[in-house]
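Numbering (full-length UniProt numbering), first residue to last: 1 to 196.
Cβ coordinates follow ideal geometry from the N, Cα and C atoms, glycine included.
Computed from a predicted structure; not experimentally measured.
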Amino acid sequence: MRQRLLTSALTLLERRPGRRPTTAELADHAHVSIGTVYRYFADMDAIVEELRLAAVHDITATLASGIGGAMDQQPDTAMVTVVETLVSSFESHAPVLRASLEIGEHGFGEAWAEVEGPLLPLARILPSRMRPDLDDRAIDELVFLTMGATASLCLRIAVQRPRDADRSSLIAMAARMLLAAFDSPPSASAGRVSAG
């Protein structure tokens, strides 16, 4: 019954993007009493939270696979692979992501922290390869910023893209923007590995 309610909630979120269903609407759609809904969940926030946790798990696994696949590619191709993977994953969970963002201002930030955490070791590989001149602290700072920027760019492309925008073009542009963060500044001395 719990899974049936979650599936019904997801269906309602997909049918009406940007509008969270009520528990009464969920009960009606699932053909159960309102008491049955409350037997399993305290409110719609609890239902959306459970859907969010499942989405986070899937996004994490998908992104890990995408990053793994990008490891042997040239940097420009690798970054497109990572961005494409994350955009596609966000798109597949768009109704839940939209509903999560409505819960509170930190809804997605917390979700992204859950995705990002397990992926940090993988996320360090590409920057370390592209910037062997940086020490561990500088790599950590670079990863910190680019992971956040990647999430923001990919979420915008997946969930907020204008109807007439070209998805492939936006993905390529986002990849170029992220790659620019890995460029060596003209007189980069901060963060370099010391010779001693």
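I'd like to check one pair, residue j with residue i: are the Cβ atoms closer than 7 Å?
i: residue 181; j: residue 150; result: no
i: residue 170; j: residue 157; result: yes
i: residue 175; j: residue 79; result: yes
i: residue 20; j: residue 44; result: yes
i: residue 154; j: residue 87; result: yes
i: residue 22; j: residue 37; result: no
i: residue 83; j: residue 67; result: no
i: residue 139; j: residue 124; result: yes
Drop a sphere of 10 angstroms on the beta-carbon of residue i, count the other beta-carbons inside from all chains shown, and report buried for 16 or more, exposed for fewer.
i: residue 34; result: exposed
i: residue 77; result: exposed
i: residue 100; result: buried
i: residue 120; result: exposed
i: residue 27; result: buried
i: residue 7; result: exposed
i: residue 89; result: buried
i: residue 228; result: The shown model of the chain, from 1 to 196, leaves out residue 228, and the question about it has no answer.
i: residue 132; result: exposed
i: residue 162; result: exposed
i: residue 70; result: buried
i: residue 3; result: exposed
Taking residue i and residue j to be in contact with their CB atoms under 8 Å, please state how far apart those CB atoms are, rounded to whole angstroms.
i: residue 42; j: residue 5; result: Going by Cβ atoms, the distance from residue 42 to residue 5 rounds to 12 Å, so no, they are not a contact pair.
i: residue 51; j: residue 10; result: 6 Å
i: residue 118; j: residue 60; result: 6 Å
i: residue 122; j: residue 64; result: 6 Å
i: residue 179; j: residue 75; result: 6 Å
Grab the span of the alpha helix (DSSP H) containing residue i for me, first residue to last.
i: residue 134; result: Per DSSP, residue 134 belongs to no alpha helix (DSSP H) and is neither H nor E.
i: residue 74; result: It is not in any alpha helix (DSSP H) - residue 74 carries neither H nor E in the DSSP assignment.
i: residue 29; result: 23 to 30
i: residue 160; result: Neither: residue 160 is in no alpha helix (DSSP H) and is coded neither H nor E.
i: residue 35; result: 34 to 40
i: residue 4; result: 2 to 15
i: residue 124; result: Per DSSP, residue 124 belongs to no alpha helix (DSSP H) and is neither H nor E.
i: residue 176; result: 167 to 180
Compute every distance between the C-beta of residue i and the non-hydrogen atoms of the ligand ZN, then say whether any falls below 6 Å.
i: residue 13; result: What this structure holds is no ligand at all, so the ligand ZN is not there to describe.
Report yes or no: is there a C-beta of chain D within less than 7 Å of the C-beta of residue i?
i: residue 1; result: No chain D appears in the structure shown, which is made up of a single protein chain.
| request: For the region 10 to 19 and the region 85 to 100, state whether three or more C-beta atom pairs, one from each stretch, are separated by less than 8 Å. | output: yes
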